[in-house]
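Asks:
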Amino acid sequence: MAAERIQCLWRGVQSRQQSDRLWLSAKATTIQRHMRGFLARKHTQCQSQRCHAAAVAMQRLFRGTLARTRIDAMLRDRETHNRKVVMNVLDAEIAWQTAYIDKLQRRLAKSRLEVTVVELEVELHRLHVQINDMECIYIDMSDQRAKMSPRAITDGWLSEMEMKMATQRRMITAAKLDAVFGHGYTFKQHDAKLTDHRDQLARATFRKHQVHEAHRRNVAEQRRKWAVKFYNKSGKVQRHRPAPRVDTTISMANTNLLATSSATTDSSDDVIANLSDQVKLVTVQSQLAQATEMFTPLLQRFSSTHSAVHQMTRDCKPNPPPLADNFVNQAAAEAQVSSDSVTTMPISPTKSKLKSPTKAQASLLAPPKSPLRSATVPWSLLDQLEAEKVKFKTEQAARKAGFTTNKHRKEVPVPSNS
1 MAAERIQCLW RGVQSRQQSD RLWLSAKATT IQRHMRGFLA RKHTQCQSQR
51 CHAAAVAMQR LFRGTLARTR IDAMLRDRET HNRKVVMNVL DAEIAWQTAY
101 IDKLQRRLAK SRLEVTVVEL EVELHRLHVQ INDMECIYID MSDQRAKMSP
151 RAITDGWLSE MEMKMATQRR MITAAKLDAV FGHGYTFKQH DAKLTDHRDQ
201 LARATFRKHQ VHEAHRRNVA EQRRKWAVKF YNKSGKVQRH RPAPRVDTTI
251 SMANTNLLAT SSATTDSSDD VIANLSDQVK LVTVQSQLAQ ATEMFTPLLQ
301 RFSSTHSAVH QMTRDCKPNP PPLADNFVNQ AAAEAQVSSD SVTTMPISPT
351 KSKLKSPTKA QASLLAPPKS PLRSATVPWS LLDQLEAEKV KFKTEQAARK
401 AGFTTNKHRK EVPVPSNS
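If you count the sequence shown from 1, position 386 lands on 386 in full-length UniProt numbering, and the numbers rise without skipping.
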């Protein structure tokens, strides 16, 4: 029984140990499962974080690359546009400068056309003179050939002379061709251009004159339309109404002070108006000179009297205070006036009497008088004004009759071919 009891207890101990081992094995499996899950989740989380960071970095890099690509494209487009604009501006400037240079060249050619024609004419005349000299030399050589002796002919001088004459003849022919088809043709072309240019200038001047005359006629017509008409008592227009009185007074207010320095044009009206202004200016200057000469003695007398009074007032001593009523009326001392100093003595506490300088002293103090001259009349300007008016009336009469003058045409002399 003891053995059975021991065996029973031993089997109980063994079973309990086995059950404990099984329980511990089950608990260890659970712990291992949880630990493997924790480690797997931790590894997965780390891997997910690394993948997320890598994705963010890739996105950042892609966005940066895309932004840089777009910025480079925008900068490239802007640079291309700016370069295109600059090229267009340069092309426009080149075109403008070219047109401006061509315009200046045309203007210079037109301005130098007359000088060029004169130079070509002189050169053509020089060529004609040279041709005449060469022909004279050829005629002299022909005379020498005709007068050659038989001995000179046998010595071979005839063939040499004929060779020189042929060379001289070729030179004369070349010079004539150059004079006719070279300088002569160029001279004819430039002469035709000069004539055409003068005709165009004359037509433009005539057209400008026509426009100016039409404008003047239009202004005159409008003035006639808006003119005030006077009627008599019967209701008719008063045609022979007396003209208003013309005020011939010339003053500084209605005078042009720059009449002598103002530039005048070719118009007859402007020339007449300028001459009228010059006449007014000379008349006003003469009037001023005459008035100055007239009032100079009075101004000198006033200035000398004022200076004497000022000097006496400055040098006089103050009056003493009155002592009594019986000393009120005191005797006044005689004033002594000289050119060097002026002294006065008090005569009354309420009133002082100053003595003015005499005529002799005033004549000594005053500067010498200049002789009085009358106002000078500008006879030359008046004659010129009258001549311009007559010329203007003659031009109006010629224009009404249909005659026109061309001042811009000039005849260029052409030398004769000698």
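Yeah, the Cβ is synthetic: ideal placement off N, Cα and C, and Gly gets one too.
Taking the alpha carbon of Q278 as the point to measure from, which residue in F302, R33, Q300, M252 has its own alpha carbon closest?
Replies: Here residue 278 refers to the residue found at position 278 of the sequence shown. Among F302, R33, Q300, M252, the Cα nearest to that of Q278 belongs to M252.
Asks: Take D20 and list the residues in its own chain whose beta-carbon comes closer than 6 Å to its own, dropping the five residues that flank it on each side.
Replies: In the sequence shown, residue 20 corresponds to position 20, counting from 1. Here the set comprises nothing.
Asks: What are the boundary residues of the alpha helix (DSSP H) that includes W10?
Replies: Stepping through the sequence shown from its first residue, residue 10 is reached at position 10. First-last of the alpha helix (DSSP H) with W10: 2-111.
Asks: Measure how close the beta-carbons of L120 and F187 come, nearest whole angstrom, since I'm counting them as under 8 Å.
Replies: On the sequence shown, residue 120 is found 120 positions in, with the first residue counted as 1. On the sequence shown, residue 187 is found 187 positions in, with the first residue counted as 1. Confirmed, about 4 Å.
Asks: So H190 and V117 are supposed to be a Cβ contact under 8 Å. How far apart are they, rounded?
Replies: Reading the sequence shown from its first residue, position 190 is the one you call residue 190. Reading the sequence shown from its first residue, position 117 is the one you call residue 117. Yes, H190 and V117 are in contact; Cβ-Cβ is about 5 Å, under 8 Å.
Asks: So that I know if they touch, is there some Cβ in chain D lying closer than 8 Å to that of R36?
Replies: Absent from the structure is chain D; it holds one protein chain and no more.
Asks: Quick check: the Cα distance between N132 and M141, rounded to an integer number of angstroms?
Replies: Here the question's residue 132 lines up with position 132 in the sequence shown. Here the question's residue 141 lines up with position 141 in the sequence shown. Distance from the CA of N132 to the CA of M141, rounded to the nearest whole angstrom, comes to 14 Å.
Asks: Helix or strand or just coil, what does DSSP make of V237?
Replies: Sequence index remark: in the sequence shown, residue 237 carries index 237 (1-based). Three-state DSSP puts V237 in a strand.
Asks: CB K225 to CB V237, shorter than 8 Å?
Replies: Within the sequence shown, the letter at position 225 stands for residue 225. Within the sequence shown, the letter at position 237 stands for residue 237. No, Cβ-Cβ distance for K225 and V237 is not below 8 Å.
Asks: If you check the beta carbons only, do Y138 and R112 fall under 8 Å apart?
Replies: By 1-based counting over the sequence shown, the position of residue 138 is 138. By 1-based counting over the sequence shown, the position of residue 112 is 112. No. Outside cutoff.
Asks: Taking one C-beta from the stretch 64-77 and one from the stretch 158-172 each time, how about it: are there three or more such pairs within less than 8 Å?
Replies: no
Asks: Looking at V284 and L381, is the spacing between their C-beta atoms short of 8 Å?
Replies: The residue you call residue 381 lines up with position 381 of the sequence shown. The residue you call residue 284 lines up with position 284 of the sequence shown. Going by C-beta atoms, L381 is not nearer than 8 Å to V284.
Asks: With a cut-off of 8 Å on the beta carbons, I'd call Q197 and K110 a contact; round off their distance for me.
Replies: The residue labelled residue 197 in the question sits at position 197 within the sequence shown. The residue labelled residue 110 in the question sits at position 110 within the sequence shown. Here residue 197 turns out to be His, not Gln, going by the sequence shown. Contact holds; Cβ gap of about 6 Å.
Asks: So H128 and A179 are in contact, right, with Cβ under 8 Å, and what is the actual spacing, rounded?
Replies: As a first step, residue 128 must be located in the sequence shown, where it is residue number 128. As a first step, residue 179 must be located in the sequence shown, where it is residue number 179. That belief holds up - the Cβ atoms of H128 and A179 are roughly 6 Å apart, short of 8 Å.
Asks: Which same chain residues end up closer than 6 Å to S348 when comparing Cβ atoms and leaving out the 5 residues on each side of it in sequence?
Replies: Position 348 of the sequence shown, counting from 1, holds the residue named residue 348. At S348, the pLDDT of 43 sits below 50, so the modelled position is not reliable and the matter cannot be decided from this model.
Asks: Does the beta-carbon of K351 have 16 or more other beta-carbons within 10 angstroms, so that it is buried, or is it exposed?
Replies: In the sequence shown, the residue the question calls residue 351 occupies position 351. Bear in mind that a pLDDT of 41 at K351, under 50, signals an unreliable position, so the number given afterwards is only what the model happens to contain. So K351 counts as exposed.
Asks: Please list the terminal residues of the continuous alpha helix (DSSP H) segment that includes D155.
Replies: The residue given as residue 155 occupies position 155 in the sequence shown. DSSP places D155 outside any alpha helix (DSSP H), giving it a letter other than H or E.
Asks: Is the beta carbon of E114 less than 8 Å from the beta carbon of H183?
Replies: As a working mapping, residue 114 is identified with position 114 in the sequence shown. As a working mapping, residue 183 is identified with position 183 in the sequence shown. Their beta carbons are not under 8 Å apart, which means E114 does not touch H183 by this criterion.
Asks: I need the straight-line Cα distance from H408 to K193, nearest angstrom please.
Replies: Looking up residue 408 in the sequence shown gives position 408. Looking up residue 193 in the sequence shown gives position 193. The pLDDT assigned to H408 is 42, lower than 50, so where the model puts this residue is not dependable; a value taken from the coordinates is nonetheless given after this. Cα to Cα, H408 sits roughly 15 Å from K193.
Asks: The alpha helix (DSSP H) that contains T205, what's its start and end?
Replies: Counting from 1 along the sequence shown, the entry for residue 205 is found at position 205. Residues 184-225.
Asks: How big is the Cα-Cα spacing for F327 and L288?
Replies: Indexing the sequence shown from 1 puts residue 327 at position 327. Indexing the sequence shown from 1 puts residue 288 at position 288. For F327, the predicted structure reports a pLDDT of 40, less than 50, and the residue's modelled location is therefore unreliable. A value from the coordinates is still provided. Straight-line Cα distance between these residues: approximately 56 Å.
Asks: Between the C-alpha atoms of I101 and A175, what's the straight-line distance to the nearest angstrom?
Replies: By one-based count along the sequence shown, residue 101 stands at place 101. By one-based count along the sequence shown, residue 175 stands at place 175. Approximately 37 Å, taken between the alpha carbons.
Asks: To the nearest angstrom, how far is the alpha carbon of L9 from that of M1?
Replies: Within the sequence shown, the letter at position 9 stands for residue 9. Within the sequence shown, the letter at position 1 stands for residue 1. If you take the alpha carbons of L9 and M1, they lie about 12 Å apart.
Asks: Any idea if K280 is buried or exposed, counting beta-carbon neighbours within 10 angstroms, 16 or more meaning buried?
Replies: As a working note, residue 280 is residue 280 in the sequence shown. Taking a 10 Å sphere around the C-beta of K280, we find 16 or more other C-beta atoms and assign the residue as buried.
Asks: Of all the options S149, A152, R151, M134, which has the alpha carbon lying nearest to the alpha carbon of T167?
Replies: Locating residue 167 in the sequence shown gives position 167, where the first residue counts as 1. The residue with the shortest Cα to Cα distance from T167 is M134.
Asks: Where DSSP assigns a beta bridge to Y138, which residues make up the other side?
Replies: In the sequence shown, the residue the question calls residue 138 occupies position 138. Per DSSP, none; premise fails for Y138.
Asks: Check each candidate in A308, S304, N274, S307 and name the one with the smallest Cα separation from L385.
Replies: Taking the first residue of the sequence shown as 1, we reach residue 385 at position 385. If we check each option's Cα against that of L385, N274 comes out closest.
Asks: So, is S25 buried or exposed, given that buried needs 16 or more other C-beta atoms within 10 angstroms?
Replies: As a working mapping, residue 25 is identified with position 25 in the sequence shown. Under this definition S25 is an exposed residue.
Asks: Can you have a look at S303 and say buried or exposed, based on whether 16 or more other CB atoms are within 10 angstroms of its CB?
Replies: For the purposes of this step, residue 303 is taken as the residue at position 303 of the sequence shown. Exposed, by the Cβ-count rule.
Asks: Would you report the Cα separation of M148 and C136, rounded to the nearest angstrom?
Replies: Translated into the one-based positions of the sequence shown, residue 148 becomes position 148. Translated into the one-based positions of the sequence shown, residue 136 becomes position 136. One Cα belongs to M148, the other to C136, and the distance between them is close to 18 Å.
Asks: So for L354, helix, strand or coil by DSSP?
Replies: In the sequence shown, counting from the first residue as 1, residue 354 sits at position 354. Bear in mind that the predicted position of L354 carries a pLDDT of just 45, short of 50, making it too unreliable to give a figure here.
Asks: I'd like to know whether the C-beta atoms of M165 and R145 end up nearer to each other than 8 Å.
Replies: Stepping through the sequence shown from its first residue, residue 165 is reached at position 165. Stepping through the sequence shown from its first residue, residue 145 is reached at position 145. Yes; because the gap between Cβ atoms is below 8 Å, this pair is in contact.
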